[in-house]
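Q: Mind looking over this structure? Questions follow.
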Ligand code: HEM
Ligand SMILES: [Cu+2]
Ligand SMILES: [Cu+2]
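Protein chains in written order, with our numbering: chain A, 1 to 648; chain B, 1001 to 1322.
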């Protein structure tokens, strides 16, 4: 699509020769062919696995053929990629043919196709992560239902642990992409003045492999689930049934998407900045996505390898994690957390970036201590590679290194604290407009504070003796991931959806959504700190009788928290379809480059590549310079502050 | 309103509220913070938690006051003065340097404090691995003797008592090497005694969490994870598994009891005698046991000739090192 001459939407379809794979209508490649490809691949893989291995003695004895399960999933994913058309280009190249150029179909069906347009991919991701989140959320409701009563059980112990495991894994996989996918893909090119991502095909690949990963991890349920939680510790992993194959391969598949997305975004930010977009003018959101992309590219390979080792243990009878055959259960723990801690910052940094964009707009002030903020993000992402053993304080490995890991872990709070410096400095003597995005941004500062402070408690080894492995940890990371990242994501949607969809989100429903989500989030998770201190371990289906009151309080709040998400979904449907309000091009009076183009965003983002003149934070400045020269006569003026909400 | 006004106001509210909240917490809540004071480790870990909390309160209150103040005073609805952009609003050297310095000092202090507490308290009750470096006096001697089968323990002798915790799906059992190595599902401990828990697993990873004793040590197959604690009150305590170990992880708990040294001695000797016949059939006492050949921990022994348990000679003699 990149070499395509500048053309308006209408002209695009008159391109010379449209290959059959990209025609309008049914007889082309789209979600439907992907599903067919997936099913065919799955069936073939299963057959192949049985054909080559069903006579092995251990398979006959155990009655389980992990080889067939693994090959079914592997070929299923390959079939899916073939079906959607992800392999057309590389296969043509391999065969020495001139690949057919992608031509974007220009109707709604483009959202079901292998689109290489970063705006289409961004919107595909919005729907994808919301679906992921909805599934995980339903499982969360099931968890809180079981915990209503310590003695009356709604699920069997077996089912319960599989629900918990599936919930955790789905949510963690979703959270790695929740901002980078939708907002990263859609906004980064707009923010740095580019017409495209560096590698549009890799971008499309990262989305469709993400969907495949979702289905692979979901396939664990029909396979009977897996009992290890999202951390997948061996030897429990080695002992588990076929659902474990879905977990291990699922992380590998999601991992491919993470590496692809990270690599693509990092290259784009480094190479595709418009003239004048120097490093000191790059929006703070782009800094956060760059830091995240670095983590995605550098940490995910460890997860990928760890998952592969686990798959080999299960299929080829290797013994990476099998202690009595020379492997080590510590190996998985270390590989997993060497990825896993950078992962938690993959789930934090983009949220910091979002609030960094929202605050200046709604306070009408420049972003305070911009350089410190950017340095903090880089600092966090570097340090996050040196803390992983704080998850293993009580494991007996490396006990003499605990002071070091305690120090590095606590050091991370210094760059994390920069985010508070930035936020509080920006609020200082400002004029706050309490629009929905601003409310969510303020909520992040409230929630993440609790999450961060309790993180310091966890990293203190003596205190960790009591709080490790219990509900205290559980609450801690929900405060950072849900209270931080998810609140920021919601704020980001309310803020940017008007640009992405051309519709304003309804403010009244939005207020209801925000307040229910904020209040019930805190009422759900705050009691869990106390529950944890009082001795309830994680991942248990039964607990001490005296904890029922607190657990019930938490469960009922959780149901209401679940309801607040329904309000959000209702708001989406209401504002986009039932009662759509057209969004002005720049409803919030933002100086950000992404708001300076028309709404809907033209196919090539900018008529001419803009020349960046300064950073986008010159709010309330009398003689502020223009942000960018967009070509023609229109120079973007620095909007001076004016009263009112900006929305009709 | 000028700069000093805002800051002075906020600082006053902050100091007053922080001091009040700190005092209330320290005297009213602090003494009840888990894991209580049943052992020396529990008391010092409670102390650590409270120190952290006393530092956390001003941090939390500081940010909350600032946010509340901003919402109340700098809201657009109140129609205050227009904000002023420009260089002065973008950077403030004093504020930035002060913030970074203060957070760094607090954080480095906390890391130092945690390290001192960890070392002084012999690992604070956490899993120390097979070769602990911060052992209490007499622990290595008692452990070495226990393994050789020559260990003794008697009331008022101030000796360390080694106890082995064997975790398996889904229960804990305990062996007392100084009493002939008998195995029992009951965990009875003498008061005013330093206990050396030796935690291991026969299958997957578990975690031995004796809540009121403030002991938590992962049980790994083929690893001896040592944790120390010194009891100083009698009474019951809860043991829970705190690492996910499969379907019945939630049911993997039992209760132990700390009793007087004389009572403990009676119980141990009585149990040793009562269990003598069973103890003969147990594998010799060792720090770790290889899982059996039936597939626990994923083990697969095609020909079935592997010795099911390690001997003292193969695994035990090396640990703990001095
Ligand atoms: C000030 C920053 C933070 C500190 C000091 C910190 C510290 C810790 C520590 C020490 C643990 C291990 C607890 C244990 O198992 O005993 C932990 C667990 C965890 N943290 Fe954080 N953390 C911080 C921020 C975050 C952020 C930003 C996230 C995610 C966005 C996060 C997500 C998690 C998760 C998912 C776990 C759970 C591990 C499990 O499944 O056992 N943390 N954190
Ligand atoms: Cu971590
Ligand atoms: Cu267990």
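Every residue gets a Cβ at the ideal spot worked out from N, C-alpha and C, and that includes glycine.
Do you know how far the Cα of residue 143(A) is from the Cα of residue 163(A)?
A: By one-based count along the first chain, residue 163(A) stands at place 163. By one-based count along the first chain, residue 143(A) stands at place 143. Cα-Cα distance, rounded: 7 Å.
Q: Give the straight-line distance between the Cα atoms of residue 363(A) and residue 460(A), rounded to the nearest whole angstrom.
A: On the first chain, position 363 is the one that residue 363(A) refers to. On the first chain, position 460 is the one that residue 460(A) refers to. Roughly 37 Å between the two C-alpha positions.
Q: For the beta strand (DSSP E) that contains residue 1257(B), what are its first and last residues?
A: Residue mapping note: residue 1257(B) aligns to position 257 of the second chain, counting from 1. First-last of the beta strand (DSSP E) with residue 1257(B): 1253-1259.
Q: According to DSSP, residue 1182(B) sits in a beta bridge with which residue or residues?
A: Here residue 1182(B) refers to the residue found at position 182 of the second chain. Answer is 1176(B).
Q: Where residue 1206(B) and residue 358(A) are concerned, what is the direct C-alpha to C-alpha distance, given to the nearest angstrom?
A: Here residue 1206(B) refers to the residue found at position 206 of the second chain. Here residue 358(A) refers to the residue found at position 358 of the first chain. Each residue's alpha carbon lies about 45 Å from the other.
Q: Looking at the secondary structure, which residues open and close the beta strand (DSSP E) in which residue 1131(B) lies?
A: Stepping through the second chain from its first residue, residue 1131(B) is reached at position 131. Taken as a continuous stretch (DSSP letters only), residue 1131(B) belongs to no beta strand (DSSP E), as it is neither H nor E.
Q: For residue 1288(B), I'd like the list of residues in its chain whose CB is within less than 6 Å of its CB, leaving aside the five on either flank, ordered along the chain.
A: Within the second chain, residue 1288(B) is the residue found at index 288, counting from 1. Within the same chain, residue 1288(B) has close Cβ partners 1200, 1222, 1224 and 1315.
Q: Could you check whether residue 263(A) and residue 303(A) sit closer than 9 Å to each other, using their CB atoms as the reference points?
A: Indexing the first chain from 1 puts residue 303(A) at position 303. Indexing the first chain from 1 puts residue 263(A) at position 263. No, Cβ-Cβ distance for residue 303(A) and residue 263(A) is not below 9 Å.
Q: Give me the chain A residues within the contact set of residue 1221(B), using Cβ-Cβ distance strictly less than 9 Å, ordered along the chain.
A: Here the question's residue 1221(B) lines up with position 221 in the second chain. Chain A residues near residue 1221(B): 235, 323, 324 and 329.
Q: What residue does the alpha helix (DSSP H) around residue 159(A) start on, and which one ends it?
A: The residue labelled residue 159(A) in the question sits at position 159 within the first chain. Looking at the DSSP string, the run of the alpha helix (DSSP H) that includes residue 159(A) is 157-177.
Q: So what does residue 1164(B) bridge to, in DSSP terms?
A: The sequence position of residue 1164(B) within the second chain is 164, counting from 1. Answer is 1175(B) and 1198(B), bridged to residue 1164(B).
Q: For the alpha helix (DSSP H) that residue 1105(B) lies in, which residues bound it at each end?
A: Residue 1105(B) sits at position 105 when you count from the first residue of the second chain. Element bounds for residue 1105(B): 1093-1120.
Q: For residue 430(A), which residues in chain B fall below 8 Å Cβ to Cβ?
A: Here residue 430(A) refers to the residue found at position 430 when the first chain is read from its first residue. Result: 1070, 1074 and 1083.
Q: Rounded to whole angstroms, what's the CA-CA distance from residue 613(A) to residue 1081(B)? Just pull it up for me.
A: Walking along the first chain from the start, residue 613(A) turns up at place 613. Walking along the second chain from the start, residue 1081(B) turns up at place 81. Whole-angstrom Cα-Cα distance: 29 Å.
Q: Counting only Cβ-Cβ distances shorter than 9 Å, please list the residues of the region 1114-1139 of chain B near chain A, keeping chain order.
A: Result list: 1114, 1115, 1117, 1118, 1119, 1121, 1123, 1124, 1125, 1126, 1127, 1128, 1129, 1130, 1131, 1132, 1133 and 1134.
Q: Measuring only from the beta carbon, is residue 468(A) closer than 8 Å to any heavy atom that is part of ligand 4?
A: Within the structure as shown, ligand 4 is missing, the only ligands being ligand 1, ligand 2 and ligand 3.
Q: Go ahead and pull the three-state DSSP assignment for residue 1034(B).
A: The sequence position of residue 1034(B) within the second chain is 34, counting from 1. Coil at residue 1034(B), not helix or strand.
Q: Under 7 Å Cβ-Cβ, which residues of chain B neighbour residue 712(A)?
A: Past the boundaries of the shown model lies residue 712(A); chain A is included only from 1 to 648, so the question cannot be answered.
Q: Let me check you understand the geometry: is the CB of residue 409(A) closer than 8 Å to at least one non-hydrogen atom of ligand 2?
A: The residue labelled residue 409(A) in the question sits at position 409 within the first chain. True, at least one ligand heavy atom lies under 8 Å from that Cβ.
Q: Compare the Cα-Cα distances from residue 119(A) to each of 88(A), 602(A) and 97(A) and report the closest residue.
A: Taking the first chain and counting its residues from 1, one reaches residue 119(A) at position 119. If we check each option's Cα against that of residue 119(A), 602(A) comes out closest.
Q: Considering only C-alpha positions, which residue in the set 24(A), 421(A) and 275(A) is nearest to residue 449(A)?
A: Here residue 449(A) refers to the residue found at position 449 when the first chain is read from its first residue. The option with the nearest alpha carbon to residue 449(A) is 421(A).
Q: Could you tell me if residue 431(A) is buried or exposed, where buried requires 16 or more neighbouring beta carbons within 10 angstroms of its beta carbon?
A: What you label residue 431(A) is simply residue 431 of the first chain in a count that begins at 1. By the 10 Å Cβ count, residue 431(A) comes out buried.
Q: Grouping DSSP H, G and I as helix and E and B as strand, with all else coil, what is residue 303(A)?
A: As a first step, residue 303(A) must be located in the first chain, where it is residue number 303. Residue 303(A): helix per DSSP, three-state reduction.
Q: Whole angstroms are fine: how far does the CA of residue 504(A) sit from the CA of residue 446(A)?
A: In the first chain, residue 446(A) corresponds to position 446, counting from 1. In the first chain, residue 504(A) corresponds to position 504, counting from 1. Straight-line Cα distance between these residues: approximately 26 Å.
Q: Can you tell me whether residue 1221(B) is helix, strand or coil according to DSSP?
A: The residue you call residue 1221(B) lines up with position 221 of the second chain. Correct three-state label for residue 1221(B): strand.
Q: Run through the DSSP bridge pairs and tell me what residue 97(A) is partnered with.
A: Start at 1 with the first residue of the first chain, and residue 97(A) comes out as number 97. None, per the DSSP bridge assignment.
Q: Determine the extent of the beta strand (DSSP E) in which residue 1206(B) is found, giving its start and end residues.
A: In the second chain, the residue the question calls residue 1206(B) occupies position 206. Note, residue 1206(B): beta strand (DSSP E), 1206-1210.
Q: Between the alpha carbons of residue 539(A) and residue 57(A), how many angstroms are there, rounded?
A: Start at 1 with the first residue of the first chain, and residue 539(A) comes out as number 539. Start at 1 with the first residue of the first chain, and residue 57(A) comes out as number 57. Residue 539(A) and residue 57(A): Cα-Cα distance of roughly 35 Å.
Q: Return the CA-CA distance between residue 628(A) and residue 195(A), expressed in angstroms with no decimal places.
A: Stepping through the first chain from its first residue, residue 628(A) is reached at position 628. Stepping through the first chain from its first residue, residue 195(A) is reached at position 195. Distance between the alpha carbons of residue 628(A) and residue 195(A): 15 Å.
Q: What is the DSSP secondary structure of residue 1282(B), counted as helix, strand or coil?
A: Position 282 of the second chain, counted from the first residue, corresponds to residue 1282(B). It is coil, neither helix nor strand.
Q: Please check if any C-beta of chain A sits within less than 9 Å of the C-beta of residue 1090(B).
A: Along the second chain, read from residue 1 onward, the residue named residue 1090(B) stands at position 90. It does; some Cβ of chain A falls within 9 Å.
Q: Please list, in chain order, the chain C residues whose beta carbon lies closer than 9 Å to that of residue 364(A).
A: No chain C appears in the structure shown, which is made up of the protein chains A and B.
Q: Can you grab the Cα-Cα spacing for the pair residue 151(A) / residue 542(A), in whole Å?
A: By 1-based counting over the first chain, the position of residue 151(A) is 151. By 1-based counting over the first chain, the position of residue 542(A) is 542. Spanning the two alpha carbons is a distance of roughly 7 Å.
Q: Residue 445(A) CB to nearest chain B CB: under 9 Å?
A: Residue 445(A) sits at position 445 when you count from the first residue of the first chain. For residue 445(A), the answer is yes, since a Cβ of chain B falls inside 9 Å of its Cβ.
Q: Which class does residue 1090(B) belong to by DSSP, given the choice of helix, strand or coil?
A: In the second chain, the residue the question calls residue 1090(B) occupies position 90. In the structure shown, residue 1090(B) sits in a helix (DSSP, three-state: H, G or I).
Q: Residue 1054(B) touches chain A at which residues, Cβ-Cβ below 9 Å?
A: In the second chain, residue 1054(B) corresponds to position 54, counting from 1. By Cβ distance, chain A contributes nothing, its closest Cβ being about 12 Å from residue 1054(B), past 9 Å.
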